[in-house]
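To convert, take the position in the sequence shown, counting from 1, and add 152; that gives the working numbering. This report concerns only the one structure given below.
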Amino acid sequence: MAMVLGCSRRTVDRKVLHLAKEAQKCHAKHLQSLETAYVMFDELETFIHARWAQVSVPVVVRVKTGEVLAFGVAKLSSSMPKGQARGWNVDTRAQVVPRVLKSVAGVLKPSARLATDGDASYPKWMGLALPGVQHKRTVAVKGPGYDPLFAINVAFAKMRNDLARLGRKTWTTTKTIRGLENHLWLWVAWTNGYEAW
């Protein structure tokens with residue numbers, strides 16, 4: 153962008169940061185007028201600059217509309233020897249996931265259901281962040297047929313398609329967690345259809 157516009161990379165970074173903050177404001181305003189009874193939660197895995205620097209993107213999606221209601225970025229302890237050797241061995245999911253789940257508490261109806269896959273940590277984190285919300289554990293079916301986690305899987309497919317940095321095979325990589333978060337805020341504003349940002 154900086155090369156095309158004839159400006160510095162810092163100028164582009166500041167503009168993206170500004171737009172990400174505006175997207176957050178629009179999102180907060182949108183959530184104030186929203187109420188839903190059924191959401192899905194899961195995590196998309198990606199990396200920061202190198203495959204050994206793994207991160208998780210926990211996301212909550214409204215099933216009825218496909219809107220992204222919340223997301224975060226958490227470090228994962230690297231599963232690769234190179235990552236362990238370089239100190240990428242801290243897992244922050246236990247802090248980030250409950251925060252993401254708690255951020256949607258205000259939009260959930262009293263009888264709300266939250267569907268997830270079979271991750272063993274989710275019931276514990278849901279109990280902390282969303283006490284009283286019904287948890288529906290389900291496993292996606294492989295092969296053709298009905299996908300019980302369709303809404304969240306479509307959201308992840310759209311993310312990977314729309315944001316080159318999330319593609320499984322790409323030359324484009326994320327350099328920082330903050331950069332990934334800012335880009336995701338722009339994507340959320342676009343995919344949720346916010347007009348005034």
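Think of the CB as a built atom: it goes at the ideal place given N, C-alpha and C, for glycine as much as any other residue.
{"Asked": "Could you round the C-beta distance between Lys261 and Glu187 to whole angstroms and report it? I think they count as a contact, below 8 Å.", "Found": "6 Å"}
{"Asked": "Give me, in chain order, the residues of the same chain whose beta-carbon lies closer than 6 Å to that of Arg265; leave out the 5 immediate sequence neighbours on both sides.", "Found": "Tyr190, Gln286, Lys288"}
{"Asked": "Find the nearest neighbour of Lys227 within the set Val213, Val211, Thr244, judged by alpha-carbon distance.", "Found": "Thr244"}
{"Asked": "Below 8 Å on the Cβ atoms is my guess for Phe308 versus Leu196; work out the distance and round it to an integer in Å.", "Found": "5 Å"}
{"Asked": "Quick one, are the C-beta atoms of Phe193 and Val164 less than 9 Å apart?", "Found": "no"}
{"Asked": "Comparing alpha-carbon positions, which option in Thr217, Ser185, Gln236, Asn313 lies nearest Gln206?", "Found": "Gln236"}
{"Asked": "Mind pulling the alpha helix (DSSP H) runs of 4 or more residues that sit fully within the segment 264 to 293?", "Found": "274 to 281"}
{"Asked": "How is Lys227 classed by DSSP in three states: helix, strand or coil?", "Found": "strand"}
{"Asked": "In chain order, which continuous runs of the beta strand (DSSP E) of length 3 or greater are located wholly inside the segment 196 to 251?", "Found": "206 to 214, 220 to 223"}
{"Asked": "Check the C-beta distance from Phe223 over to Val306 and give it rounded, since I have them as a contact under 8 Å.", "Found": "15 Å between Cβ atoms; not a contact."}
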